[in-house]
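When the sequence shown is numbered by this note's numbering, its final residue is 239 and no position is left out of the sequence of numbers.
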Amino acid sequence: MKVNSNDTNLASQFISNGSEVKINKPVNGKEQINSEMERLAKDIYHNDQPKEPKATYDKPMNISTNNVVSTREAEEKALNNIRIATVNLYMPGGEVSNSVEKMFTQYDNIVAEIAAEQPSLANKDWGISISQSGELEVTGSINDKEKSLISEKLNDNGDFVAAANEFKSSFLEHIDLGVRGWSSYDINEDNFSKIFDLKEILDNSQGGESFKQAWNKDFSWLELNDNISSQLRRNAERE
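Printed below as a string of structure tokens:
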């Protein structure tokens, strides 16, 4: 799926105070998102670190403690991994946002198919989780027949299932490399299905009118991030 060109041309802001990574609502300005990306790369992981003393010589140094060698190259690689993880977790065009947007484009059609066969399900409380095997499971206070109908509609849509698995794999991969924010929660293969309700994510990823005008699409990565943060606070434990 192609990502809207606005994903790399409009605004976002990262604030790294405390343990949460927060993103402000976008403001207009063609170069804002690029400047924020530069700030992220240069400042967000260095802002609170003391300045290094001026080197007296340029010879590289290895520091070894208990057979563990730390080099400037290794430190830069670690910082780069953190930057990559942050972009893929939180930013438009990142792997998490892209995978959920793919689900979002299929979601309305699936719900319409379900409503056509069982209209009462539109007003009932049910959710979607993803099992360790990658199959989508239906949760909530509905009967087994209703769960079976919804499960069939979900799992018959290969694009939706693939996107759901992309969301899970990319999220787990990048929180292991990140710091603060979502990475401060204990999320793994075993508890992922208990933490995230994919239906809640999709129901709350619709952009408002101002967002639609700015980004020219319905899916909002800002609303997505808000809901992921909300589910983590409610359902996950901090490490």
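Even glycine gets a Cβ: it sits at the ideal position worked out from N, Cα and C.
Residue environment, residue i, which counts as buried when at least 16 other CB atoms sit within 10 Å
| i | result |
| --- | --- |
| N189 | It should be noted that the sequence gives Glu, not Asn, for residue 189. Burial call: exposed. |
| G178 | buried |
| P119 | exposed |
| Q106 | buried |
| K168 | buried |
| G158 | exposed |
| S99 | buried |
| D108 | exposed |
| D197 | buried |
| L136 | buried |
Beta carbon proximity, residue i to chain B, threshold 8 angstroms
| i | result |
| --- | --- |
| D159 | As a matter of chain content, chain B is missing from the structure shown, which is built from one protein chain. |
Nearest to residue i (by Cα), restricted to the options the options
| i | options | result |
| --- | --- | --- |
| I114 | G134, V138 and S99 | V138 |
| K145 | W126, K212 and K77 | W126 |
| V96 | S170, D156, S129 and I130 | S170 |
| S230 | E239, I201 and W215 | I201 |
| E101 | A236, A122 and K217 | K217 |
| R180 | E75, R83, F211 and N98 | R83 |
Beta-carbon contacts of residue i that lie in its chain and below 6 angstroms, excluding the five residues immediately before and after
| i | result |
| --- | --- |
| G140 | D125, W126 and G127 |
| G94 | V87 and N88 |
| I142 | K124 and W126 |
| E166 | S99 |
| A85 | H174, L177 and G178 |
Beta-carbon proximity list for residue i, same chain, < 7 angstroms, skipping 5 on both sides
| i | result |
| --- | --- |
| F160 | M103, Q106, I110 and L154 |
| G18 | The predicted position of G18 is uncertain, since its pLDDT is 40 and thus under 50; a value taken from the coordinates is nonetheless stated next. Excluding sequence neighbours, G18 sits near nothing in its chain. |
| A236 | Y185, D186, I187 and I195 |
Neighbourhood of residue i by C-beta distance below 8 angstroms, restricted to the same chain and skipping five residues each side
| i | result |
| --- | --- |
| N81 | L177 |
| K199 | W126, G127 and I128 |
The region 199-206 / the region 171-187 touching (three or more Cβ pairs under 8 angstroms)
no
Between the region 140-151 and the region 85-102, do at least 3 Cβ pairs fall closer than 8 angstroms?
no
- Every unbroken alpha helix (DSSP H) inside the region 72-111 [4 residues or more]: 72-90
Quick test of the definition: if touching needs 3 or more C-beta pairs under 8 angstroms, does the region 207-225 touch the region 115-131?
no
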